[in-house]
Amino acid sequence: MRLLSILLLLLFASATYAQSLTGIWRGKRTQGTQGCFPEYGLELHIYYSNEQLIMGNAYSYVSKEQYTKTLFTGRYNPQTKRLVLIESSVLSYNVPPQCIPCIKTYQLNLVGNGAEEVLSGEWSGHEMGNRNACVPGKIDLHREKVPVFPVTVPQSDSLAQLQQKFDLRQREKEVVQSLKLDTSHIRIDLYDNAEIDDDTVSVFLNGALLLYKKRLTDRPLTLNITAMPNTEYELMMYAENLGRIPPNTSLMIVTAGRRKYEIRISSSDTKTAVVRFRYDL
């Protein structure tokens, strides 16, 4: 999935555009006669948006147990307030045997401002695994503060494969600091602390591997993250070695809007340091 890898680079490389569409959108998706159900719940997690690109996950569901989770990309025209979202793949699903998940295209309009924002329009698509057309329908969504389904951290296929070798349960977690932030744009810079002694780390966000066996120096390892609102995040520093001078130590600088936090971190082969943060609307 080369496309996903490229999009992930865009996601973590830049977060400079106002995230007017970023967040949770939830409501209903209808389907005409001969569809599997006349009405579904639909929840969009838009975790990245700028003038060129929108990225996120969509959950179509009749219950929390019966759902389809997809990956989508799209574009938004701020002049016309129209957006097009195109699902590229089904990530997971649990549906009745007689139902086939649809790969959908959304044609939506943004109406209103602030707390009264609504996305409405139509959808069409084809069945997963073939080109048979799905019975189309309509969509009506409202911006929400709290998701029904868990927010996932996007991850490339190569990092997902590397993550399989980790057993994070073997090490105790130590929460170093918890941050309450007032912006969704978060920059994290990681340096070796004090003397550079070949400390090497892997970094996880909500259990997803984002950096693998990276050496800490006086030049930062940088992550730009767009935080979903009202969601708990846990950034974990996993020591790959203890360096020449144990333990594995690092300096984390978190920049969130006009605020900057300097956090000194120590990890070992038995303990993993954790920084928690949350952006509340």
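When you read off a place in the sequence shown, starting at 1, and then add 159, the result is the number in the working numbering.
Beta carbons: idealized from backbone N, C-alpha and C, even for Gly.
This one's a predicted model, so the numbers in the text were calculated from it and none came from an experiment.
Asked: Which residues DSSP lists as bridging Leu380, in chain order; Found: Leu349
Asked: Boundaries (first-last residue) of the alpha helix (DSSP H) holding Gln320; Found: Asp316 to Gln322
Asked: Endpoints, beta strand (DSSP E) assigned at Met214; Found: Ile213 to Tyr220
Asked: Ala172, buried or exposed, once every other Cβ within 10 Å from all chains shown has been counted against 16; Found: Confidence at Ala172 is low in this model, with a pLDDT of 41, below 50, so its placement is unreliable and no value can be given for it.
Asked: Meets three-Cβ-pair contact criterion under 8 Å: the stretch 279-299 and the stretch 368-380; Found: no
Asked: Meets three-Cβ-pair contact criterion under 8 Å: the stretch 320-329 and the stretch 403-416; Found: no
Asked: Status (buried if at least 16 other CB within 10 Å, exposed otherwise) for Val305; Found: exposed
Asked: Distance, Glu399 Cα to Tyr350 Cα; Found: 15 Å
Asked: Helix, strand or coil at Arg330 according to DSSP, with G and I counted as helix; Found: coil
Asked: Residue closest to Ile262, alpha-carbon to alpha-carbon, out of Arg403, Leu230, Glu276 and Lys324; Found: Leu230
Asked: Meets three-Cβ-pair contact criterion under 8 Å: the stretch 288-300 and the stretch 426-439; Found: no
Asked: Coil, strand or helix - Leu163 by DSSP; Found: Confidence in Leu163 is poor, its pLDDT being 46 and thus under 50, which makes the residue's placement unreliable; the coordinate value appears in the next sentence. Note: Leu163 maps to helix in three-state DSSP.
Asked: First and last residue of the uninterrupted beta strand (DSSP E) at Asp299; Found: Gly296 to Glu303
Asked: Gln266 versus Ser279: straight-line alpha-carbon distance, rounded; Found: 8 Å
Asked: For Ile412: DSSP bridge partner residues; Found: Asp348 and Glu421
Asked: Presumed contact (8 Å Cβ cut-off) between Ala432 and Ile424, rounded CB distance; Found: 4 Å
Asked: Under 8 Å between C-beta atoms of Leu250 and Ile213; Found: no
Asked: Buried/exposed call for Gly271, threshold 16 Cβ in 10 Å; Found: exposed
Asked: Integer Cβ distance of Val294 from Gln190, believed to fall under 8 Å; Found: 5 Å
Asked: Inter-residue spacing [alpha-carbon to alpha-carbon] between Arg418 and Cys195; Found: 50 Å
Asked: Entirely enclosed alpha helix (DSSP H) segments - the stretch 381-408, minimum 4 residues; Found: none
Asked: For Thr429, the nearest candidate out of Asn407, Thr227 and Leu201 (CA to CA); Found: Asn407
Asked: Beta-carbon spacing of Val310, Thr227 below 8 Å; Found: no
Asked: Under the three-state DSSP convention, the category Glu224 falls into; Found: coil
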